[in-house]
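Counting in the UniProt record's numbering, the sequence shown runs from 1 upward without gaps. Here a beta-carbon is modelled for each residue, glycine too, at the ideal position from N, C-alpha and C. None of the values given here were measured: they were computed from a predicted structure. Step one of this worksheet: look at the structure below.
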Amino acid sequence: MEIPSDIGLSDKVAIVCGGGAEKDGIGNGRAASVLLAQAGAKVLVADKNLNAAQKTADMISEFGGCAEPSEVDVTNEKACKQLATHAMDTYGRIDILDNNVGIAHAGSVVEDDQERWDNLMKVNVTAMFLTSKHIIPEMKKTGGGSIVNISSISALRPRGLTAYSASKGAVIALTRAMAMDHAEDGIRVNCVAPG
Numbered sequence: 001m002e003i004p005s006d007i008g009l010s011d012k013v014a015i016v017c018g019g020g021a022e023k024d025g026i027g028n029g030r031a032a033s034v035l036l037a038q039a040g041a042k043v044l045v046a047d048k049n050l051n052a053a054q055k056t057a058d059m060i061s062e063f064g065g066c067a068e069p070s071e072v073d074v075t076n077e078k079a080c081k082q083l084a085t086h087a088m089d090t091y092g093r094i095d096i097l098d099n100n101v102g103i104a105h106a107g108s109v110v111e112d113d114q115e116r117w118d119n120l121m122k123v124n125v126t127a128m129f130l131t132s133k134h135i136i137p138e139m140k141k142t143g144g145g146s147i148v149n150i151s152s153i154s155a156l157r158p159r160g161l162t163a164y165s166a167s168k169g170a171v172i173a174l175t176r177a178m179a180m181d182h183a184e185d186g187i188r189v190n191c192v193a194p195g
């Protein structure tokens, strides 16, 4: 069976949060950015590290894809609002949001401390809330879109990563709630749990 070359992403606009990767690595965000661009999407590569986002955008440009890097701290609400505005000003629409930001550290609740816990929750859960909060209204203006939130198998099978596992469980719950809240807006919200 022949795989169609157009899988429906031509000229769609995608924002990939966490689209960079350390050095020459190929993390989930970079991989998603490259694959979306290969399928014809215009990709806004958002990352806290502009150099990492630029590297991803350069990889995409090398094969003729369309990508732009954007330095964004997705734990900051003002930055998330600016990201949505920038995407709309540049492309006129947002079709896809890939929430792919995350950090982890080992330890039980006894071994962890509140500062590390709070920071991890801010990056892994609050960031998805903030990006979605500002991008969903823009998706609604153009008839809907698709949001993919990245969780982890650790949400279902935790092993020594208590804070991380709890945050990724929250991502699954957030995804379910968002899917119910925005189905009538034409916005599909799904979660992927790698591992």
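Three-way DSSP call (helix, strand, coil) for E71 in this model: strand
Contiguous beta strand (DSSP E) assignments of at least 3 residues, all confined to the stretch 73-152: 96-99 and 145-150
For T75, collect the residues of the same chain with a Cβ closer than 8 angstroms to its Cβ; drop the 5 residues on either side in sequence, then sort them by chain order. K122, V123, T126, A127 and L130
Could you check the C-alpha separation between S152 and I172 for me, to the nearest Å? 9 angstroms
Do I150 and C191 come within 9 angstroms of each other at the CB atom, strictly closer than that value? yes
Note the first and the last residue of the continuous beta strand (DSSP E) segment covering I187. I187 to V192
Cutting at 7 angstroms between CB atoms, please list the residues of its own chain near D182, excluding the five before and the five after it. The sequence shown places His at residue 182, not Asp. Cβ within range, chain order: I136 and V189.
What residue does the alpha helix (DSSP H) around A57 start on, and which one ends it? L50 to E62
Please go through the same chain and pick out, in chain order, the residues whose beta-carbon is closer than 6 angstroms to the beta-carbon of L44, but skip the five residues on each side of it. I15, E68, S70 and A87
By DSSP, does residue 261 sit in helix, in strand, or in coil? No statement about residue 261 is possible, as the shown extent of the chain runs from 1 to 195 and does not include it.
With a threshold of 8 angstroms, are at least 3 pairs of Cβ atoms found where one atom belongs to the stretch 155-164 and the other to the stretch 106-118? yes
Let me check understanding here. Comparing Cα to Cα, which of D11, A21, L120 and G20 lies closest to R93? D11
Just curious, the alpha helix (DSSP H) that I172 is in, first and last residue? T162 to H182
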